Amino acid sequence: MIPARSRKATDSRSKGLAKIHIAKKQLCLTDEAYQDILFNIAGVRSSKYLDEKGIKDVLQYLRECGFRPAHKSAKASGMHLPSTPDREPYLSKIGSLLTDLGKPWNYADAITRHAFGIDRVRWLKPEQLRKVMIMLLKNQRNLEKKEGNGNE
Numbered sequence: 011m012i013p014a015r016s017r018k019a020t021d022s023r024s025k026g027l028a029k030i031h032i033a034k035k036q037l038c039l040t041d042e043a044y045q046d047i048l049f050n051i052a053g054v055r056s057s058k059y060l061d062e063k064g065i066k067d068v069l070q071y072l073r074e075c076g077f078r079p080a081h082k083s084a085k086a087s088g089m090h091l092p093s094t095p096d097r098e099p100y101l102s103k104i105g106s107l108l109t110d111l112g113k114p115w116n117y118a119d120a121i122t123r124h125a126f127g128i129d130r131v132r133w134l135k136p137e138q139l140r141k142v143m144i145m146l147l148k149n150q151r152n153l154e155k156k157e158g159n160g161n162e
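In structure tokens:
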């Protein structure tokens with residue numbers, strides 16, 4: 011049996027290495043470029059040789075290069091994955107509306123379940139996405155009207 015302290019360190023290490031590999035994919039790094047980064051930052055050619063400090067330093071560098079880990083609500087909704095070209099404009103607009111409203115992606119999932127009986131907004135067809143976008147726009151306008159009435 012692994013002691014709790016070592017298990018925690020192993021879990022932390024595994025999560026760090028997973029983030030590094032996600033960043034590699036997100037930044038579209040070639041194997042050669044990835045190995046060069048590991049070597050320049052931590053002096054190793056493979057992530058399996060990274061210690062905790064090396065993992066932290068490599069992740070920091072990858073963040074500086076543009077890596078952005080997905081938010082938990084985006085992961086739960088599947089929104090951290092790239093979309094098809096016909097859905098992308100709608101999903102992008104839905105994302106901005108959710109941000110303006112201060113709502114997570116689960117909010118759009120709830121609208122989707124209520125309106126279409128489908129669990130995730132990500133699974134909708136373009137015409138359904140358009141309807142969700144319109145619902146969010148109406149929600150935003152109603153919110154603006156309420157705020158406008160309170161200020162007069």
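Last residue of the sequence shown: 162 in this note's numbering, with the numbers rising by one and none dropped. Idealized CB from N, CA, C, for every residue including glycine. In this text, all values refer to a predicted model and were calculated from it rather than measured experimentally.
Sort the options by Cα distance to residue i and report the nearest one.
i    : options                : result
K58  : L108, Q138, R23        : R23
N149 : I104, D129, I128, L134 : I104
V142 : G112, L108, E157       : L108
K63  : N116, L48, D110        : L48
A28  : A120, P95, I65, W115   : I65
Can the beta-carbon of residue i be found less than 7 Å from the beta-carbon of residue j?
i    : j    : result
R140 : Y100 : yes
Y44  : K34  : yes
R78  : P136 : no
A118 : V131 : yes
From which residue to which residue does the alpha helix (DSSP H) around residue i run?
i    : result
K63  : 62 to 74
K103 : 98 to 111
L48  : 41 to 52
Whole-angstrom Cβ separation of residue i and residue j, contact assumed at under 8 Å?
i   : j    : result
A52 : D41  : About 16 Å separates the two Cβ atoms, so there is no contact after all.
C8  : L111 : Nothing in the structure corresponds to residue 8, since the chain is present only between 11 and 162.
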